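Every position in the sequence shown, counted from 1, becomes a number in this note's numbering once 12 is added.
Glycine included, every Cβ here is placed at the ideal spot set by N, Cα and C.
Given the structure is predicted, the values throughout are model-derived calculations rather than measurements.
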Amino acid sequence: MANSNWSKKSGKSWSKIPSRMPARGADALGSAFVPHMKAPRTEFPLFNGKRVKPSLEGLDKLLHYYGVELQEETLKQIWEYHQLIRANNEDQDLTRLNAFETMVERHYADCTLINAYVEKWPARMIDVGSGAGFPGIPLKIVNPKINLTLCEPRPNRVNFLNMVIEKLGLTNIDVFGHKVTSHSMTIPVDGVISRAFELMEKTFPRLQNSLKIGGRVFFMKGPAAADELKALRPEDYGYKLLEKHFYTIPNSTQERSLVIFERVK
C-alpha cells in the first residue's frame with residue numbers, strides 16, 4: 013500500500029450523511045482524511061465556554077468539530093496555508109470570510125470532507141476555477157500523491173497560488189494561469205474537480221480536449237445542485253451521472269453536494 017498521511021479511527025456516526033460512509037482505509041494515492049461526525053449546530057462552537065483563537069490547536073479542534081481529523085504534519089500544512097491567506101487577503105481579496113470558525117467550516121472542512129465519498133482519486137487532475145486554492149490546495153495536502161494543476165486566470169491569484177506551493181513545499185502541483193476552454197486546456201487528465209464555479213453544463217465543453225474517456229468530473233456544490241440536475245442532460249455532452257451526494261457539514265447548517273460524472277465519449 014502506498015504511504016498514507018492518516019490512520020483509520022473507530023467507526024463514527026454520520027449526521028445527515030449516508031450511513032454507508034464509514035471511516036475508510038487509505039486508497040492507492042494516499043489520504044490524510046478521517047471522517048468523524050456529530051450533530052448540527054447553529055452557533056459558533058465553544059470549547060470550555062470560549063471560542064477558539066486562531067492557532068494550530070484551534071484549527072485542530074475546529075476541524076475535529078466539523079468532522080475532520082488530520083495527522084500532525086498535514087494539519088500544520090493547512091495551518092500554514094491559512095496563515096498565508098490571512099496575510100495576503102487584504103491586498104488580494106482572496107476570501108470574503110473573516111471569522112476563523114467560518115473559514116475552517118466553509119473552506120478547510122468543506123474541501124476535505126469530500127474524501128469520504130471518493131474511494132480513490134484520479135491520479136492526474138485539474139481544479140477548474142481554483143481561486144485562492146479551493147478545493148485544490150486542501151485536496152492536495154490531504155492526498156499528496158495526486159498530480160494536480162490549479163486553473164485560475166487572475167494574475168494576483170496565480171501569484172498567490174505559486175507562493176503557496178513554494179511555501180508549503182508541495183510537489184507534483186502547478187498553476188495554469190489562463191481561462192479553461194476546449195482550446196486552451198489540452199493537458200490529458202483523468203479527473204476534474206470544481207467548487208461552486210458555474211453551471212455544470214458550462215463546464216463540460218471546457219473539458220473536451222483534456223479529460224480522457226473514462227475520466228471523472230467532481231462538482232462540489234450546494235443544495236441547488238438538485239434542481240440543476242433535473243434540467244441537465246449529461247448525455248448531450250458525452251457524460252453519465254455516476255453518483256450524487258447531498259449532506260450537511262457536521263455541526264453546521266451548511267448544506268453541500270458532491271456530484272460525480274464519468275466521460276463516456
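Residue nearest to ASP72 in terms of C-alpha spacing, selected from TRP91, LEU58 and GLY61: TRP91
Alpha-carbon to alpha-carbon, MET137 and ASN159: 6 Å
Sub-8 Å separation of ASN168 and GLN95 beta-carbons: no
Among ALA243, THR215 and LEU125, the one whose alpha carbon lies nearest that of HIS76: LEU125
Per-residue burial, MET175 [other beta carbons within 10 Å of its own, 16 or more giving buried]: exposed
In chain order, each alpha helix (DSSP H) run of at least 4 residues that lies wholly inside the region 98–132: 112–115 and 122–125
Distance CB(VAL140)-CB(VAL204) smaller than 8 Å: yes
Coarse secondary structure for HIS257, derived from DSSP in three states: strand
Cβ neighbour criterion (16 or more within 10 Å) applied to LYS214: exposed
Where ARG207 falls: helix, strand or coil (DSSP): strand
Cβ neighbours of ILE280 in the same chain (closer than 7 Å, five flanking residues each side left out): The structure shown does not extend to residue 280, since the chain is modelled only from 13 to 277, so the question has no answer here.
Close Cβ partners of ASN184 (< 6 Å) along its chain, the five nearest in sequence each way excluded: ASN159
Entirely enclosed beta strand (DSSP E) segments - the region 165–206, minimum 3 residues: 185–188
Three-state secondary structure (DSSP) of GLU81: strand
Those residues which DSSP pairs with LYS252 across a bridge: GLU274
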